[in-house]
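First the structure, in the form of structure tokens, and then the observations on it.
Protein chains in written order, with this note's numbering: chain A, 1 to 247; chain B, 1 to 314.
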């Protein structure tokens, strides 16, 4: 990352620390959700394994998504509050602002994921992953976080107001619920099931689940990587073109 | 002529088929204050956006600090500071952190940046609020912080786009003082305003922008010369009194509707004393006696054929 990006990253981190609701959304909420599903609801599902082992990979992906609304809002308020014009007329790198937002988003989600995994271990999560499997888990998390962050930055840039930026992110937050995050896809009704099978989060979650249970599936992994690469590219190109258009 | 800080010729800009700038030529000497005056929608902000590299022109050439804005964008950006219409401060950072952010982006060393930040906080009377978030600042404080941020890199050409719009009279005066200090340091100021008084007080040269064209350019004094001279206005309570006065003051023009009489003159003490003597001699007692010197409002009205901003805003 460039020096400009590092300066912007430091700025974003001060923002994150100073808006407690963003931290709450990003870190506490996924943990609360995990506790709720494991203790309150999960017992009702038969997933063929211990529910905490089943649910943790899904919660990891949910943790990525919950941090996104803060990112979209931050990007949008940079654009709408005029500070972006100050940066633009300064002799600094154009993409520094955007890549710093992506980095902030990813770092916040890593903190949330670390919290989720720690709590999951406390609740009896016992993965069978080997060391290379764990490296794979980290790679998938980084890739998914990168893709989700770029598409979020694009949505934040595209939205006209902070409110609509918040709304634009809602599908990204809801999408994991319609995947194999919480219950296996084959338990879902027709229609929903097909949707869940072919949406990007299912292969990402299944790849994580496979790696954590020590039985990774190549097909899921290829689909997951392809989805992430595609989403990241679209998000990146869309971000740049929107950024250029909006003065 | 001294060297030009800003030289614009034939600048054109349209959004779709709406022409916003229709061939603007202007020249701003180094170390002077140039004011672009015009009502809302005249094209002031568009001009600033083009001059500060935020927008590309459709035609014409623009050189700022000797560099072409279209081809030497980086060099232009390094030379200028811009304070836009809306305070571009980071609300989630404190005043000090905002200035520090600018210092970091300008790559000032830590000792240098500490010195600059402390000095600016003091100069703009923000030292007491330096540790508070900018979101808690009043409008006037935000504007001051905004301008302070612009000054961090010590730019030699500063663009101020309506720097006092929406400020209370006291903050406006503070802003004017700061602008004068900058000029004293040899900084070139490009100021847009819709307040005629502001341009009159601050600018060395004024250009009047109306519907994308410059309708006049010159010093405040030159512009004022383009309108009728000063006069004394007398107001009476009845038509009879007005008639009596009009008989005595033969050079005056009367307005029967307003019951006023306009007596041309240079506005000096001698001519006023003579006029008062005349009124006394004939026992004429006007209800109201006022001396008018032309202001830029009159200029604007005379130049554009429609009233200035205050009337338009109403």
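We put the beta carbon where it would ideally sit given N, CA and C, even for glycine.
Contacts of residue i in chain A (Cβ-Cβ under 8 angstroms)
i, result
"residue 101 of chain B", "7 and 11"
"residue 84 of chain B", "82, 85 and 86"
Selected residue, minimal CA-CA separation from residue i, among the options
i, options, result
"residue 204 of chain A", "A:38, A:163, A:105 and A:137", "A:137"
"residue 217 of chain B", "B:160, B:134 and B:303", "B:303"
"residue 242 of chain A", "A:135, A:218, A:51 and A:156", "A:156"
"residue 90 of chain B", "B:119, B:146, B:105 and B:76", "B:146"
"residue 62 of chain B", "B:84, B:7 and B:110", "B:7"
"residue 28 of chain A", "A:116, A:105 and A:100", "A:116"
"residue 20 of chain A", "A:67, A:34 and A:47", "A:67"
"residue 103 of chain A", "A:79, A:121, A:78 and A:150", "A:150"
"residue 262 of chain B", "B:201, B:208 and B:233", "B:233"
"residue 228 of chain A", "A:73, A:187, A:239 and A:199", "A:199"
"residue 285 of chain B", "B:252, B:294 and B:244", "B:244"
"residue 289 of chain B", "B:122, B:231, B:206 and B:38", "B:231"
"residue 2 of chain A", "A:132, A:98 and A:222", "A:98"
"residue 201 of chain B", "B:67, B:173, B:128 and B:54", "B:173"
"residue 175 of chain B", "B:125, B:208, B:101 and B:94", "B:125"
"residue 168 of chain A", "A:57, A:69 and A:63", "A:69"
"residue 123 of chain B", "B:134, B:136, B:111 and B:141", "B:141"
"residue 194 of chain B", "B:117, B:37 and B:27", "B:37"
"residue 159 of chain B", "A:57, A:80 and A:85", "A:85"
"residue 315 of chain B", "A:148, A:15, A:226 and A:162", "Nothing in the structure corresponds to residue 315 of chain B, since chain B is present only between 1 and 314."
7 angstroms Cβ cut-off: residues of chain B touching residue i
i, result
"residue 91 of chain A", "74, 77 and 78"
"residue 4 of chain A", "105"
Chain B residues whose Cβ lies nearer than 9 angstroms to that of residue i
i, result
"residue 182 of chain A", "Going along chain B, no residue has its Cβ under 9 angstroms from residue 182 of chain A, so there is no contact; the nearest lies around 34 angstroms."
"residue 19 of chain A", "92"
Per-residue contacts from residue i into chain A (C-beta, under 7 angstroms)
i, result
"residue 188 of chain B", "Ordered by position in chain A, no residue passes the 7 angstroms Cβ test against residue 188 of chain B, which lies about 16 angstroms from the chain."
"residue 68 of chain B", "Under the 7 angstroms cutoff, chain A gives no residues; its nearest Cβ is about 16 angstroms from residue 68 of chain B."
"residue 53 of chain B", "89"
"residue 104 of chain B", "7"
"residue 242 of chain B", "Result: empty, since nearest Cβ-Cβ is about 55 angstroms, beyond 7 angstroms."
Residue i (DSSP reduced to helix, strand or coil)
i, result
"residue 161 of chain A", "coil"
"residue 92 of chain B", "coil"
"residue 262 of chain A", "Only positions 1 to 247 of chain A appear in the structure, and residue 262 of chain A is not among them; the question remains open."
"residue 216 of chain A", "coil"
"residue 6 of chain A", "helix"
"residue 236 of chain B", "coil"
"residue 29 of chain A", "helix"
"residue 76 of chain B", "helix"
"residue 1 of chain B", "Per-residue confidence for residue 1 of chain B stands at a pLDDT of 44, beneath the threshold of 50, marking its modelled position as unreliable; the derived number appears in the next sentence. Coil, per DSSP."
"residue 132 of chain A", "helix"
"residue 327 of chain B", "The question about residue 327 of chain B has no answer, for chain B in this structure spans 1 to 314."
"residue 245 of chain A", "helix"
"residue 17 of chain B", "coil"
"residue 137 of chain A", "helix"
"residue 61 of chain B", "strand"
"residue 317 of chain B", "Not covered by the structure: residue 317 of chain B. The range shown for chain B is 1 to 314."
"residue 100 of chain B", "helix"
"residue 183 of chain A", "coil"
"residue 154 of chain A", "helix"
"residue 34 of chain B", "strand"
"residue 29 of chain B", "strand"
"residue 311 of chain B", "The pLDDT assigned to residue 311 of chain B is 38, lower than 50, so where the model puts this residue is not dependable; a value taken from the coordinates is nonetheless given after this. Helix at residue 311 of chain B."
Chain-ordered neighbours of residue i on chain A, where CB pairs are closer than 9 angstroms
i, result
"residue 32 of chain B", "By Cβ distance, chain A contributes nothing, its closest Cβ being about 21 angstroms from residue 32 of chain B, past 9 angstroms."
"residue 89 of chain B", "81, 82, 83 and 86"
"residue 149 of chain B", "86"
"residue 97 of chain B", "11 and 14"
"residue 202 of chain B", "Result: empty, since nearest Cβ-Cβ is about 22 angstroms, beyond 9 angstroms."
* Cβ pair count under 8 angstroms reaching 3, the stretch 176–195 of chain B against the stretch 33–47 of chain B -> yes
* Say whether the stretch 80–91 of chain A touches the stretch 119–137 of chain A, bearing in mind that this needs 3 or more beta-carbon pairs closer than 8 angstroms, one atom from each stretch. => no
* **Segments of 4+ residues assigned as alpha helix (DSSP H) that fall wholly inside the stretch 103–129 of chain B** => 110–123
* If you scan the stretch 140–206 of chain B from start to end, which runs of the beta strand (DSSP E) of 3 or more residues do you find wholly inside it? -> 157–161 and 188–193
* Can you find at least 3 beta carbon pairs, one from the stretch 162–171 of chain B and one from the stretch 5–12 of chain B, that sit closer than 8 angstroms? -> no
* So, do the stretch 35–46 of chain B and the stretch 60–74 of chain B have three or more beta carbon pairs nearer to each other than 8 angstroms? -> Output reads no: the stretch 60–74 of chain B does not touch the stretch 35–46 of chain B.
* Asked: Between the stretch 11–20 of chain A and the stretch 79–97 of chain B, do at least 3 Cβ pairs fall closer than 8 angstroms?
  -> yes
* Whole alpha helix (DSSP H) runs in the stretch 37–122 of chain A with 4 or more residues, listed along the chain? -> 51–66, 68–80, 83–89 and 96–122
* Taking only runs that begin and end inside the stretch 278–309 of chain B, name each unbroken alpha helix (DSSP H) of 4 or more residues, in chain order. => 296–304
* **contact_flag[the stretch 36–55 of chain A, the stretch 143–155 of chain A] where n(CB pairs < 8 angstroms) is 3 or more** => no
* Asked: Three or more beta-carbon pairs under 8 angstroms between the stretch 200–219 of chain B and the stretch 18–32 of chain B, yes or no?
  -> yes
* Asked: Between the stretch 236–256 of chain B and the stretch 269–287 of chain B, do three or more beta carbon pairs fall short of 8 angstroms?
  -> yes
* Asked: Below 8 angstroms, can you find three or more Cβ-Cβ pairs linking the stretch 51–65 of chain B to the stretch 121–137 of chain B?
  -> Here the stretch 51–65 of chain B makes no contact with the stretch 121–137 of chain B; the two share fewer than three CB pairs at distances below 8 angstroms.
* To do: Could you tell me whether the stretch 32–40 of chain A touches the stretch 183–198 of chain A, using the rule of 3 or more Cβ pairs below 8 angstroms?
  => no
* Asked: Pairing CB atoms from the stretch 74–83 of chain B with CB atoms from the stretch 242–258 of chain B, are three or more of them under 8 angstroms?
  -> no
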